[in-house]
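Take our numbering: the final residue in the sequence shown is number 123, and no numbers are missing along the way.
All residues carry an ideal CB built from backbone N, CA and C; glycine is no exception.
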Amino acid sequence: MTQFTQAISAWGTADFKAVLMREIEGLSANELPLQQGLTTGSHALDDDIQAMILNVQETESSIRVKAGIFYKAIIAGCSCSDDPTPIDECNEHCEVMIEIDKKSAEATITLLPD
Numbered sequence: 010m011t012q013f014t015q016a017i018s019a020w021g022t023a024d025f026k027a028v029l030m031r032e033i034e035g036l037s038a039n040e041l042p043l044q045q046g047l048t049t050g051s052h053a054l055d056d057d058i059q060a061m062i063l064n065v066q067e068t069e070s071s072i073r074v075k076a077g078i079f080y081k082a083i084i085a086g087c088s089c090s091d092d093p094t095p096i097d098e099c100n101e102h103c104e105v106m107i108e109i110d111k112k113s114a115e116a117t118i119t120l121l122p123d
């Protein structure tokens, strides 16, 4: 399970959003629901993931964060030796809800509908 230990340590400080963005941007495409959020491409890429914090709410036991995730994907061809289709990158965006447990720093990340 994904943990945001640095973000929990920074909770309540002016640095919280910046720390959380760094932790989100350090995650892989497998840890974020990027593949499920594709709208143009066919395969989400790990490189150059950027996060934007849209909303933060605190409950008794957790911190709920709505975030926009910007990333790249490819439109893959058939990978045949004579396939003339170049592998093109395209920009993608999705929104996620991240619920971080205040005690354990464990997080649940859910893709939000468009």
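Residue i classed as buried or exposed, judged by whether at least 16 other C-beta atoms fall within 10 angstroms
| i | result |
| --- | --- |
| alanine 16 | buried |
| glutamate 101 | buried |
| glutamate 98 | exposed |
| glutamate 85 | Checking the displayed sequence, the identity of residue 85 turns out to be alanine instead of glutamate. With fewer than 16 other Cβ atoms within 10 Å, it is exposed. |
| glutamate 67 | exposed |
| alanine 76 | buried |
| glutamate 69 | exposed |
Local conformation of residue i per DSSP, three classes
| i | result |
| --- | --- |
| phenylalanine 25 | helix |
| glutamine 15 | helix |
| isoleucine 84 | strand |
| glutamate 34 | helix |
| aspartate 97 | strand |
| glutamate 40 | coil |
Inter-residue spacing [alpha-carbon to alpha-carbon] between residue i and residue j
| i | j | result |
| --- | --- | --- |
| aspartate 24 | methionine 30 | 10 Å |
| isoleucine 58 | isoleucine 78 | 7 Å |
| leucine 63 | alanine 19 | 18 Å |
| glycine 21 | glutamate 108 | 16 Å |
| tyrosine 80 | methionine 61 | 12 Å |
| isoleucine 96 | alanine 82 | 10 Å |
| threonine 117 | histidine 52 | 22 Å |
| arginine 73 | alanine 114 | 12 Å |
| alanine 27 | aspartate 123 | 25 Å |
| serine 37 | glutamine 12 | 13 Å |
7 Å Cβ cutoff, residue i in contact with chain D
| i | result |
| --- | --- |
| arginine 31 | Chain labels in this structure do not include chain D; a single protein chain is all it has. |
According to DSSP, residues forming a beta bridge with residue i
| i | result |
| --- | --- |
| glutamine 66 | Arg73 |
| glutamine 59 | Phe79 |
| alanine 116 | Thr11, Ile109 |
- the region 102-109 contacting the region 41-58, beta-carbon criterion three pairs below 8 Å: By the criterion of at least three beta-carbon pairs nearer than 8 Å, the region 102-109 is in contact with the region 41-58.
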